[in-house]
Each structure stands twice: as structure tokens, then as C-alpha cells.
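Peer 1: Residues 5 to 819 (this note's numbering) are what the sequence shown spells out, left to right. By construction, the Cβ of each residue, glycine as well, lies at the ideal position given by its N, Cα and C atoms.
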Amino acid sequence: MTPSSVHRLPASIEAAASRIKQAARAAVERTIESLGLAALSAGSVAQRSELLAAQFELDRKSAVFLLAFNDAFESKLRRDCSPRVEQQTQHSDWSELSLLDDRELENKVAAERFGLQIAHQCEWELRELNAYLGAVLALERVEADSNPLRPELIGAAMIRAAESISDRADVRKTLVAEIGRSLGDALAKTYAAIVAEMRASGLKPAGMTVRTSDARGPDSRLAESVESRAMPGHFGAARGGRGSTSGPGALGGLGGMGTTSTRGGFAGSSGSGTLGGSPYSGSLGQVAPRMMTVIRRLAYVNTGAVTGGGGQWAGEFVDDDGGAPLMAPNMIRAHRDELRDASRGAIDHMVIDVIGSLFDQILSDPKVPPQVARQIARLQLPVLRAALGDPSFFSSRRHPVRRFVNRIASVGAAIDDFDGDRSQRLLARIGELVQEVVEGDFEQIGTFESKLIALEAFVAELSREEVASEHGGAAELLQQKEDQLRLQRLYAAQIESELKNVPAPDFLRSFVSTVWSQVLLRMAARDGADPERVKRLRHTAHELVMSVQPKASPQQRKQFLADLPKLMRQLNEGMDLIAWPDLARRDFFGQLLPAHAEALKNAAVRTLDYNLMAKRVEGALDKAPPSIVELRNTPLADLPVLSDEVLVAPFDATEAALVGLVKETAIDWDGKVDIDLSAEPELTSVDIHIDGLTATADAPEPSRGKSLADHVQIGFAYQMHLQGHWEKVRLSHVSPGRTFYVFTYGNKHKQTASLTHRMLVRLCETNRLRAFENAYLIERATARARKQLAALGGRSRSGAGISVPSPLGPARNLA
5 MTPSSVHRLP
15 ASIEAAASRI
25 KQAARAAVER
35 TIESLGLAAL
45 SAGSVAQRSE
55 LLAAQFELDR
65 KSAVFLLAFN
75 DAFESKLRRD
85 CSPRVEQQTQ
95 HSDWSELSLL
105 DDRELENKVA
115 AERFGLQIAH
125 QCEWELRELN
135 AYLGAVLALE
145 RVEADSNPLR
155 PELIGAAMIR
165 AAESISDRAD
175 VRKTLVAEIG
185 RSLGDALAKT
195 YAAIVAEMRA
205 SGLKPAGMTV
215 RTSDARGPDS
225 RLAESVESRA
235 MPGHFGAARG
245 GRGSTSGPGA
255 LGGLGGMGTT
265 STRGGFAGSS
275 GSGTLGGSPY
285 SGSLGQVAPR
295 MMTVIRRLAY
305 VNTGAVTGGG
315 GQWAGEFVDD
325 DGGAPLMAPN
335 MIRAHRDELR
345 DASRGAIDHM
355 VIDVIGSLFD
365 QILSDPKVPP
375 QVARQIARLQ
385 LPVLRAALGD
395 PSFFSSRRHP
405 VRRFVNRIAS
415 VGAAIDDFDG
425 DRSQRLLARI
435 GELVQEVVEG
445 DFEQIGTFES
455 KLIALEAFVA
465 ELSREEVASE
475 HGGAAELLQQ
485 KEDQLRLQRL
495 YAAQIESELK
505 NVPAPDFLRS
515 FVSTVWSQVL
525 LRMAARDGAD
535 PERVKRLRHT
545 AHELVMSVQP
555 KASPQQRKQF
565 LADLPKLMRQ
575 LNEGMDLIAW
585 PDLARRDFFG
595 QLLPAHAEAL
605 KNAAVRTLDY
615 NLMAKRVEGA
625 LDKAPPSIVE
635 LRNTPLADLP
645 VLSDEVLVAP
655 FDATEAALVG
665 LVKETAIDWD
675 GKVDIDLSAE
685 PELTSVDIHI
695 DGLTATADAP
705 EPSRGKSLAD
715 HVQIGFAYQM
725 HLQGHWEKVR
735 LSHVSPGRTF
745 YVFTYGNKHK
755 QTASLTHRML
765 VRLCETNRLR
775 AFENAYLIER
785 ATARARKQLA
795 ALGGRSRSGA
805 GISVPSPLGP
815 ARNLA
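#1: I'd like the list of long-range same chain contacts for E1, defined as Cβ closer than 7 Å, with 5 residues on each side in sequence excluded.
#2: Rounded to the nearest angstrom, what separates R34 and R526 at their Cα positions?
#3: Going by CA-CA distance only, name the one from F77, R117, V738, L759 that's closest to H725.
#4: Could you please give me the residues that DSSP links to W730 through a beta bridge?
#5: Please confirm whether L767 and L773 have their CB atoms less than 7 Å apart.
#6: Cβ of A496 within 7 Å of Cβ of V552?
#7: Could you tell me the alpha carbon to alpha carbon distance between A588 and G159, rounded to whole angstroms?
#8: Is T743 closer than 7 Å to H761 when the C-beta atoms are compared?
#9: In the structure shown, what three-state DSSP assignment does V666 receive?
#10: So for F592, helix, strand or coil by DSSP?
#11: Am I right that V441 and P386 are in contact with their C-beta atoms under 8 Å? What's the rounded C-beta distance?
#12: Between R537 and the rest of its own chain, which residues show a CB-CB distance below 7 Å, the 5 nearest in sequence each way excluded?
#13: Quick one: grab the DSSP three-state call for A458.
#14: For Q26, tell me which candidate among D75, T194, L137 has the shortest Cα-Cα distance.
#15: If you follow the beta strand (DSSP E) that A196 is in, where does it begin and where does it stop?
#16: Could you please give the first and the last residue of the uninterrupted beta strand (DSSP E) stretch that includes S758?
#17: Let me confirm a value: Q384 is counted as buried when at least 16 other C-beta atoms fall within 10 Å, else exposed. Which label applies?
#18: On a CA-only basis, which of L133, G184, A599 is nearest A196? Give me that one, please.
#19: Is there contact here, the stretch 417-424 with the stretch 365-376, by at least three beta-carbon pairs under 8 Å?
#20: Give me the Cα-Cα distance between A599 and A508, rounded to the nearest whole angstrom.
#21: If I measure Cβ to Cβ from A458 and keep anything under 7 Å in the same chain, skipping five residues before and after, which residues do I get?
#22: Count the C-beta pairs between the stretch 286-296 and the stretch 388-404 that are closer than 8 Å, then say yes if the count reaches three, no if not.
#23: Whose C-alpha, out of S736, R542, T178, is nearest the C-alpha of L55?
#24: Alpha carbons only, please: which of A20, A42, E127 is nearest the one belonging to F77?
#25: Name the residue from P740, Q727, I718 whose alpha carbon lies nearest to the alpha carbon of R734.
#26: Taking E156 as the reference, give the member of V113, V140, D586 with the closest Cα.
#27: Using CA coordinates, which residue listed in A661, L137, P630 is at the minimum distance from Q755?
#28: Rounded to whole angstroms, what's the CA-CA distance from R590 to D613? Just pull it up for me.
#29: Quick test of the definition: if touching needs 3 or more C-beta pairs under 8 Å, does the stretch 470-481 touch the stretch 563-576?
#30: If I measure Cβ to Cβ from L13 and keep anything under 6 Å in the same chain, skipping five residues before and after, which residues do I get?
#31: Where does R382 sit, in a helix, a strand or coil, going by DSSP?
#32: Which class does V372 belong to by DSSP, given the choice of helix, strand or coil?
#33: Ordered along the chain, which non-local residues of its own chain (more than five positions away) have a Cβ less than 8 Å from that of E686?
#34: Rounded C-beta distance between D445 and E18? I'm assuming under 8 Å.
#35: Under the rule that 16 or more other beta-carbon atoms within 10 Å means buried, what is T1, buried or exposed?
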């Protein structure tokens, strides 16, 4: 086993890294806004294009950017914090020496430049941080160039993240400059907060620490970490007292509110409450040091109990209350007495019982596959740690720990067959993320947030692979259709703006901008498009607008009557090109003929005014339509919304069959939908309220109804009423503008059902599309636990018994 495979970061450095990651996330959000504002004041078209392109890429791929930043930052951080022997081994590997290419050299220079700029803004904070890091790493002093949290390292990770979302050098340069500016403003405060947190935990700066005679270095602490993991019975039994460490690398004693706990030889902070500006930042609150020692030891034991020491566990556990069989052992129930002895009072006892009851239900939930349930079982102790220290775990459905557990269950529930390659990869990735939580610092909110982002990115990548490999380029075709619709809307908005002040009936301006713009785009997009025909169709729009203007002379009236049949033929030719419905044509011509008659009756205008009007209309229609390049460089936030009105993309029969397009005409909207026997009623706040704990404040996400259309997520399972019966489907693809949605269903022979946004909304509001889960896993578990306890209380009232307080409801008279 190599040293790098067992080395872990000190908990205080992991907490500091979590703060820096949170600052990076906030900087990304600010940068998305600042890029748009900068584009408005750009001095040139090229500069504006670069800023908009950078904003578009960052807004669309912010999750990928943050994931790449976190990975690069953690990799560099672990390298800089690795033991000295390991560092010497790394630097003496001559096979790694090679000439740097220009790009790597530029990245290195850019990272150093970023570090110098930031260092000037937070010079004093960095000096103070260096002293505390020296104590954490058991060094006399950490210099500026060896600080594992130095700005240069952050800049290098930021550059790597920019490379992950764009191949364009100008976009990457703009992103690095803007994010660096946003992040640079926040790093001084971040460093100050890190120093304050270390000081509050009892850590002394290296320059003020009295060194002990043994003066253990990081290598000896690393050996102790390995020894502690090899001896679960002595897990966390460090020198210097129960649950504490002593020496230069420790975070201080147990006095005061800044308690500490050990994690395999490293001290881990368990400060009070949430930290930072975000409601979910910093640590998960304060717990008793003895409790943390027990939780860490049981978390280690739980990994072996569920996986059988590395192999797949096979077997069945039965709920103590005689309920459904459990798919993994309930460690909280099994060690309830030990956990209660290590806790601090009645509230902790109640939380332990609540979480134990919840995992009884979680591990027997019929909608969670056994393979996934066993992975969730490994999170029992981290979830208990979160519930004990952070009251918002119970009061907020958006809590990162709850979201991580719920998301694992939801993506697992969408898989029907775990024998496939992608299903196995998903299960393996879930196992890796769970293992990283159990082995990492699960006292920090950032640990769960980063794993949640990683899981969502992996699920999205698997879905893209599935759609690309098994469904013949359906995603690319839908992307093309969405681009066509967006180009059409942009062009319509452009023409509408140009004709805004032209004196013409509203119906005519609307026709030219929304309908005839489709004709012009369709003709221009054809292979081998005839420029003369495009010019003639554009001239038709000009003649149409001028046909309703008052005529300046009898000769113009005569010419208009002579040219009218030709104008009508050209209008019908364009309408045929886009297959405009006959009913809409009749309505349009029904308004056009009276407008022509009115134009012949009105008093004549001056020839000069008439000619100026004609020139103005010609200039408006001669402007080139937006190109696909302009569309790609326009942020999605600035693009027109396609779901506000009916827009039918031009799918021919072959294309519709390829993507499995579900047309509105194929649904009997007046027919009755048969009963879905697997459907469960939605849960209310009353169903998941736990008496004695803070009530849930935020509203649940819908599982049915019209609002469900705005909450569908890639990788989740749904029930769709197709061809007269219910099908379990999984959302595999959503177009960037959320115009098209691709669902897959079937085991051996995968089929697709593609919906437009309008079709999705109609299916939801008519209850033909519902979520497969009536609520997320933890909410379902809470509701079932309450129901089970109510049933037990009802049966016990008929016999003798004693009244005991129930953690999930009022007092029950249990026999």
C-alpha cells in the first residue's frame, strides 16, 4: 500500500478547504451576473461576444466547473500536505521530468500572477494563517510558497476548471480573469474566517507553541492513523485524553465550546452551529467528543458489516418491531445503548431514536433496490452525526445531507436492471462517493455538497451516453430543432422591433414577424438555397406591408389591383413551405381583404411619404437573420422562452420516429385514465412532522400536477400513461433550453418518448405523468414510521401497559 493511499488531511485543513470551495461557488454565481453587466458596457462587438460566450459557458456548465475546481484543488492540497517522505519520493521520480508545453507554462505563469495579486490584498491574513498551518502540519513555520492554501494553488485549480468547460482560449482567459476578480475580493475574508475558526478551536500558532519532547511529525501521525484503522476496537483512542490529541498538530484541549474529536489520529473540529454566509456552510454543529468517538468507530464497523469486509453482503435482517425485512443491519438500533450513553441528554436520546426508526423504514423501503439500500446503510452514522449537531436537518428538506441520501435513492429507484454496464457503473460510483463520505470529514457540510454535485454530474454523463449510443442521435436532432425554434424567435423579435413604428394593422405586423420569418429562415436553411428565391420571398413581405398603405395616386391603385393575384400566390407559396394550418390561413386572409379595401378608400398621401415608407420597410426586412454562431454565443437567460406559446418544430415522419415524439393528437385528452395501482397519495407537512423537533418549513416538491413539469430531473423515474396503460419511464435528456424532454422505458428493448415542454405540462396537469416516488426517501420513511407507531399505540391501548414518549409523535401506551 502506498503512503498516498492512506494519507488524509487534518480536519482543520479540510474545513478550511471547504470554506475556499464555498467561496469559489459564490464567486462563480457572482461572475455569471458580472459577465452580463460587463457585456452591456463592452466597447466593441468582439469584446461583447467574448463576454457573452464566457457567461453562456459558465452558466450552462457551472456544476462541471465547480466539480473540476474541487478535484484539482483537493489534488494539489493533498500533494502539498503529504508527509515529507512521500514528497521526497514524488520529487525524486525522474520519469515525471519533461519539458513543459506552451499551454502548461502559460497556466503556471497565470497561476503565479493570480497568487501575487491576491497576496497583496490579504498579506496580513496569509501571515497569520501560515503560523496556524505550521501548528497543524507540525512544522516550525509554513512559508508563503509552501502554504497548502496559498492563492497560487487556488488560481491553478481555477485554470484547470476553466479548461474543463471550454476549448476556446479567449473564453477561458475571460473566465479566469472575471472569476479571479470575484474570488480575489472574497479570499481575504475567507482566510480571516479560517484563522478565526482555528483560533476558536483552541489551536495555537506555531510561533507560540511549546514543543513537547517527542515532537511527533506528520509521518508518525500518519502511522497512528493507519494503526487506528487497523484496530477498530481502539478507534479514536488518541493520546492526551478521550477524544482529544495533544502536541503541535492537535487542535487543542476539550475546554470551552471549541471541542475536538479525533479521526484516525487527526484532530477534527466540531465547532458550534453553522458557519459562513450560507445557511449550509461550515461544520454540522457541536456534539459531545465521546459521541464523535463512538460514531467514528461504528462508521468504520458499519462499512464491514454492510459489505462483508469488501464482498457483497447477502442476507436479510428483520425489523425489531416485526415489520418488513431490512436490506442491511440497522447499526443505530444495534448500538442504541452505547450511543445513548455517549450522548448529552434527553434531546440527543430522542434524535438517536428518531434516526434509528427512520433507518428501519429506509432499509425496508420497497422502491429502493437492495443494492442501493446497502450503500445508503453505510451513511447511517454520518446522518446521525448531522441530526445530532444541526437542528436544520429536520426542519429543511433542502439540507445537503438529506438531499444526498434522497438523490441516491431516487436515481437508484429509476434502475430496473443492475446487470447492465451503466447500471453497474452507477452503483460503483455511488459506492465510491459513500466511501469518501465515511472516510472523509463528514462533520462538514461541504463534504456532502461536493458528493451531491459529483453524483448529479455522473448521472447526467451516463444519461448522455445512453441517449447517444442507444437512440441514434436523438439528442443531437432535438438540439437542432431547438436551435431552429430559438433562431425563429430571435428573428421574429428582430423583425417585430424593426416594424414597431410602421403604420400597419397589428395582425399584419404579427404575421410578418412570427409567420413569414419562418418562411425566410426555412428557405435560407435549405441545402443549395436559391438566393433569388429568398430575395423574392423577402420582397413579398415588403409588398404585403405596403399593400395596406394608402395609395399616393390612381396609378398606384391600378398597379396594386394588377399585382394582387401575384401577391396572393406568393403568400400561399410561403405558407405551403412551412405547412401553415388552413384554419390560420383563412383567419389571416379574412382580415387582410378588409384592410386592402380600406387602403383603397383612404385619402391619398404624398408620393414622397409613400416612397420613404417603402424604403423604411425594405430596410427592416433586408437585415440578415441571426446565425447559429450568434445563437450559441447568447446566454440562455437572454434567449426567448419557447414554452410560453405553441411552437411546432418541423419533424418529418422519420425524425419523429427516431426520437419517439409523442404528439398531442395521439392522446385522447377526453378519455379517462385508468387507476395507477402503484400510486401513493402525496405527503403533507403533517405526515412528516416530528413532535419535539423543529417543524419542516419549506414546501415539498410536487409529485404530480402541473407544477411537476418544472421539477423533473434527469435520472429520476416517473409514471407515464402511454397507449392506454402506465409505463415506468426515466428522464434521460433535457435540451439546454428545456424545450424537449427524452424519456426512456423498457428493459431489454429500450424505447424513447420525447415530449415538447407544452406536451409535458399537459400530461402533468391531466395526471398522465406522475413521479414514481410520492415523496423523497427520508420523507417517506418519516411518514411510515409515524404510521407504524400509531398502529402500535392503537393495539396497546386495549391491554395493560405503560405510557412512554414516542419520538415520532405524542405519548403512546405501549404494552
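Peer 2: In brief:
#1: The question about residue 1 has no answer here: the residues shown for the chain are numbered 5 through 819.
#2: 39 Å
#3: L759
#4: DSSP lists H725 as partners of W730.
#5: yes
#6: no
#7: 58 Å
#8: yes
#9: coil
#10: helix
#11: V441 to P386, Cβ: 6 Å. Contact.
#12: M527
#13: helix
#14: T194
#15: Not the beta strand (DSSP E): A196 falls in the alpha helix (DSSP H), residues 173-204.
#16: S758 -> beta strand (DSSP E) spans 755-760.
#17: buried
#18: The alpha carbon of A196 has as its nearest neighbour, out of L133, G184, A599, the alpha carbon of L133.
#19: Judged by Cβ distances under 8 Å, the stretch 417-424 makes contact with the stretch 365-376, as three or more pairs qualify.
#20: 9 Å
#21: In chain order, L71, L437 place their CB closer than 7 Å to the CB of A458, counting only its own chain and leaving out the 5 sequence neighbours on each side.
#22: yes
#23: T178
#24: A20
#25: I718
#26: V113
#27: For the residues A661, L137, P630, the minimum Cα distance to Q755 belongs to A661.
#28: 32 Å
#29: no
#30: C85
#31: coil
#32: Reduced to three states, the DSSP call for V372 is coil.
#33: P704, P706, S707, R708, N778, A779
#34: 4 Å
#35: Missing from the structure shown is residue 1; the chain here goes from 5 to 819 and no further.
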